[in-house]
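Note sheet for the following structure.
Numbering (this note's numbering), first residue to last: 1124 to 1283.
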């Protein structure tokens, strides 16, 4: 969903509640439920809300298909192109962004789906796995032997 800055300026607050059916490079069988609001704060625009989705992934241990529930809150702060240009030029070289970090509202539009997608990626576990444990441990057992992998054995024979 894209919100135009003019919509936020004309109203004090723009509420949104929708389901994004597809999200770039994510397998979301039920889509992503996104709820929130957009409002103007000073020279900037704030987008905040919550999301909920189920992702279709692969367990890193047994390679079975899993569908973990991913949910959380998001917040993004934006500036229109003119204000963003001023903001960037006000930063000194090598200066940290500090507590406030703004994104540019490209073409005076804010893509909520892109913001939520970034939050989903950050909320994913680094190694998604079956919970509480894998039901089929044959793949795990196949590679958990204490023996040295024969492909690596020749490296152990190298003398320094």
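The beta-carbon is built from N, C-alpha and C at its ideal position, and this holds for glycine as well.
Under a Cβ-count criterion, where at least 16 other Cβ atoms within 10 Å of its own Cβ denotes burial, should residue 1193 be classed as buried or exposed? With 16 or more Cβ atoms within 10 Å of its Cβ, residue 1193 is classed as buried.
Tell me the residue span of the beta strand (DSSP E) that contains residue 1158. Unbroken beta strand (DSSP E) run through residue 1158: 1155 to 1164.
Please go through the same chain and pick out, in chain order, the residues whose beta-carbon is closer than 8 Å to the beta-carbon of residue 1162, but skip the five residues on each side of it. Correct list, in chain order: 1131, 1135, 1136, 1137, 1168, 1169.
Length of the line joining the Cα atoms of residue 1239 and residue 1259: Distance between the alpha carbons of residue 1239 and residue 1259: 34 Å.
Nearest neighbour of residue 1173, chosen from 1188, 1227, 1155 [CA to CA]: When 1188, 1227, 1155 are compared, the shortest CA-CA separation from residue 1173 is found for 1155.
Please confirm if the segment 1198 to 1209 is in contact with the segment 1174 to 1182, defined as three or more CB-CB distances below 8 Å between the two stretches. With a cut-off of 8 Å, the segment 1174 to 1182 and the segment 1198 to 1209 do not count as touching, because too few Cβ pairs lie within range.
Which value, in whole angstroms, describes the spacing of the CA atoms of residue 1153 and residue 1277? Here the C-alpha atom of residue 1153 lies approximately 49 Å from the C-alpha atom of residue 1277.
Given that a residue counts as buried once 16 or more other Cβ atoms are within 10 Å of its Cβ, and exposed if not, what is residue 1250? Looking at its Cβ environment, which holds fewer than 16 other Cβ atoms inside 10 Å, residue 1250 is exposed.
Exposed or buried, what is residue 1197 when buried is set at 16 or more other beta-carbons lying within 10 Å of its beta-carbon? Label assigned to residue 1197: buried.
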